[in-house]
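What follows is a set of notes on a single structure, which appears directly below.
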Amino acid sequence: MIYLQLFATFFKIGLFNFGGGYAMISFLQNEVVYKQAWLSTAQFTDIVAISQVTPGPVGINLATYTGYTASGSMLGALIATVAVCLPSFILLILAGKFLFATRTAYAPAWRILRLVVVGLIASAALTLCTPENFVDYKSVLLCAAAFLAVWKYKRGPIEVLVLSAVFGLLLY
Amino acid sequence: MLPLMERELVGPYLTKEDFLDITAVAQSAPGIMAINVAILTGYRLKRTPGAFFAACGAALPSFIIILVIALFFQKFAQNPVVRRIFLGVRPAVVALIMVPVFNLAKTAGVTCKTVWVCVATALAVWLLKISPVYVVLLAVLCGVLLSHRERAQ
């Protein structure tokens, strides 16, 4: 039954996930952490970190890892990964031209979707602000420093995560 | 991943214009951008079987790498050194997700008049635990109604 649940959950995410990998984190939190409770917030945060430092699309990484952890088997990982790609596979082959045409025909809908995506990413970050992820004041300082490094000083995500790992070892 | 795909695909498989077309269509569909580009490139070259194999090729390396990590990570997650590393990494992950909020706000056209859509979405999903699926559906519905009204005027 877990396989059917995995397929349904990831198919739904693949079908409604507009706005790329960061927006997808919000969909996954709601389905995988909150509704199905397949992963804890800390586990989920660890996977996002691993996805950032390994190559390839974040969406695939998250689907594969969640599928494996939720079912404890490679088949679960495979089902989740296929399910998250399937909706866009079907849509692009059957209606790619139509979807593209909606960008001019339904421009207001796309304008609203872009705003919604910003809100979804914000909610993804806020949802990760839990006592599991912020154990003390040092976590808050690390978060602020990482934010400045990426936003103001344009450092790459891999560099920042590796440095934060070193700080984790030094501080805890 | 897109710059890498452009370098590999433009020339042997696609013209520059084809690639730009394909990325535009890929962005109009839900799902994972890099996979969508693979599907469209495969479809252009060899129809549905091409799309299938291109998508598999784009997903397979990540699938294998993550599977290997998943196999080992569960054993090492309780290791004290690994735990300390992730105590440092977790707050940084939150920062990494906060940055695109501010970067995208510019390109998404967030102004004093529109920012309430972002705030309402964030609050609904974060505090009320409303599924992002419903928020997207509502946005599409409102957008379609708005499009028809604009056209009627």
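Keeping their order, the protein sequence lines are chains A and B. So the numbering used here is basically just the index in the first sequence, starting at one, shifted up by 89. So the numbering used here is basically just the index in the second sequence, starting at one, shifted up by 16. Idealized CB from N, CA, C, for every residue including glycine. The structure presented is a predicted model; accordingly, all values stated were derived computationally and were not measured.
With burial defined as no fewer than 16 other Cβ atoms inside 10 Å of the residue's Cβ, what is the status of residue i: buried or exposed?
{"i": "B/V109", "result": "buried"}
{"i": "B/V117", "result": "buried"}
{"i": "B/G27", "result": "exposed"}
{"i": "B/W132", "result": "exposed"}
{"i": "B/C134", "result": "buried"}
{"i": "A/R203", "result": "buried"}
{"i": "A/D135", "result": "buried"}
{"i": "A/T98", "result": "buried"}
{"i": "A/V275", "result": "Outside the shown range of chain A, which is 90 to 261, sits residue 275 of chain A, and nothing can be said about it."}
Per the DSSP calculation, residue i is bridged to which residue(s)?
{"i": "B/L15", "result": "Residue 15 of chain B lies beyond the residue range present for chain B, which begins at 17 and ends at 169; the question has no answer from this structure."}
Under the three-state reduction of DSSP, which class applies to residue i: helix, strand or coil?
{"i": "A/V142", "result": "helix"}
{"i": "B/V30", "result": "The sequence given here has Leu at residue 30 of chain B, not Val. The answer is strand: DSSP assigns B/L30 an E or B state."}
{"i": "A/G245", "result": "coil"}
{"i": "B/L61", "result": "helix"}
{"i": "B/V53", "result": "helix"}
{"i": "A/K227", "result": "helix"}
{"i": "B/Q169", "result": "coil"}
{"i": "B/K129", "result": "coil"}
{"i": "A/L128", "result": "coil"}
{"i": "B/A93", "result": "coil"}
{"i": "A/N119", "result": "helix"}
Less than 9 Å separating the beta-carbons of residue i and residue j?
{"i": "B/A71", "j": "A/F223", "result": "no"}
{"i": "B/I55", "j": "A/I139", "result": "no"}
{"i": "B/A121", "j": "A/A235", "result": "no"}
{"i": "A/S64", "j": "B/P148", "result": "For residue 64 of chain A there is no data in the structure shown, the boundaries of chain A being 90 and 261."}
{"i": "A/C174", "j": "B/G58", "result": "no"}
{"i": "A/I102", "j": "A/A152", "result": "yes"}
Near-chain A residues of the stretch 137-166 of chain B (beta-carbon distance less than 7 Å), N- to C-terminal order
Only those residues of the stretch 137-166 of chain B whose C-beta falls short of 7 Å from the nearest C-beta of chain A are listed: T137, A138, V141, W142, K145, S147, P148, V149, V151, V152, A155, V156, C158, G159, V160, L162, S163 and E166.
Closer than 8 Å, Cβ to Cβ, to anything on chain B: give me those residues from the stretch 176-192 of chain A, in chain order.
Going along the stretch 176-192 of chain A in chain order, one finds P176, S177, F178, L180, L181, I182, G185, K186, L188, F189, T191 and R192 with a Cβ nearer than 8 Å to chain B.
With 7 Å as the C-beta to C-beta threshold (strictly closer), list the residues of the stretch 56-69 of chain B near chain A in chain order.
Those residues of the stretch 56-69 of chain B placed with their C-beta closer than 7 Å to a C-beta in chain A are L56, Y59, T64 and A67, ordered along the chain.
Members of the stretch 191-213 of chain A that neighbour chain B once the beta carbon cut-off is set at 8 Å
Among the residues of the stretch 191-213 of chain A, those with a Cβ less than 8 Å away from any Cβ of chain B are T191, R192, A194, Y195, A196, P197, A198, W199, R200, I201, L202, R203, L204, V205, V206, V207, G208, L209, I210, A211, S212 and A213, in the order of the chain.
At a CB distance below 9 Å, what residues from the stretch 85-99 of chain B approach chain A? Give them in sequence order.
Contact residues of the stretch 85-99 of chain B toward chain A are I85, A86, L87, F89, Q90, A93, V97 and R99 (C-beta to C-beta distance below 9 Å).
Residues in the stretch 115-130 of chain A having any Cβ partner in chain B nearer than 7 Å
Result list: S115, F116, N119 and Y123.
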